[in-house]
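Chemist: Numbering (the working numbering), first residue to last: 5 to 193.
Cβ coordinates follow ideal geometry from the N, Cα and C atoms, glycine included.
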């Protein structure tokens, strides 16, 4: 409730995608399977998201469709979560719209609370954190979450990582001008 934005930081991330058969043949550690993704632009406003989270909602719904998954298949959402009053509420609304009744059962966290906002590198780094959550079966926390906004009423994994069983996760990246990106990963069996 008393949040006022993010800390800028620096970082980088890179994900290697390859055919499962090729990775297995060379003995690679396979952390997750890329299931689907969507990028979009809603052009709602230069700096503010739509209050109903329309762009984020549509991006998540389309990414789930691309992954051929249902909302109930997702156990973790790595939120864009910039700790801004407008953005956090809009993303919460979008998650609730996209996941319906399943939204209250999904663990959500903002890893930006730990890393800061890496701007251009944030999407890749947060996709990696989502993959590691699936691989390690641990939800990363939203640190420093002390006074939760009543409008942000999902399970934001406050302050402590949580061991759990996860089969699939989703990572959101939203930006100025209404750019939206969502990637979906699942555990490889």
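Grab the span of the beta strand (DSSP E) containing residue 178 for me, first residue to last.
Modeler: Following the DSSP letters along the chain, one finds residue 178 inside the beta strand (DSSP E) bounded by residues 172-179.
Chemist: By Cβ distance, which residues of its chain are closer than 7 Å to residue 83, with the 5 residues on each side in sequence left out?
Modeler: 95, 112, 113, 114, 176
Chemist: When burial is assigned at 16 or more other CB atoms within 10 Å of the CB, is residue 102 buried or exposed?
Modeler: buried
Chemist: Taking the alpha-carbon of residue 47 as reference, which of 187, 186, 178, 192 has the nearest alpha-carbon?
Modeler: 178
Chemist: Should residue 67 be labelled buried (16 or more other beta-carbon atoms within 10 Å of its own) or exposed?
Modeler: buried
Chemist: In whole angstroms, what separates the C-alpha of residue 32 from that of residue 25?
Modeler: 10 Å
Chemist: Go to residue 71, then tell me how far its alpha helix (DSSP H) extends in each direction, as first and last residue.
Modeler: Segment: none, residue 71 is in no alpha helix (DSSP H) and carries neither H nor E.
Chemist: Does the Cβ of residue 126 have 16 or more other Cβ atoms within 10 Å, making it buried, or fewer, making it exposed?
Modeler: buried
Chemist: Assign residue 121 to buried or exposed, taking buried as 16 or more other Cβ atoms, counted over all protein chains shown, within 10 Å of its Cβ.
Modeler: buried
Chemist: DSSP state of residue 133, grouped into three classes?
Modeler: helix
Chemist: Indicate the three-state DSSP secondary structure (helix, strand or coil) for residue 190 in the structure shown.
Modeler: strand
Chemist: Starting from residue 45 and walking both ways along the beta strand (DSSP E), at which residues does that stretch end?
Modeler: Per DSSP, the continuous beta strand (DSSP E) segment holding residue 45 begins and ends at 37-45.
Chemist: Measuring CB atoms only, is the region 49-63 touching the region 141-154, in the sense that at least three cross pairs come out at less than 8 Å?
Modeler: no
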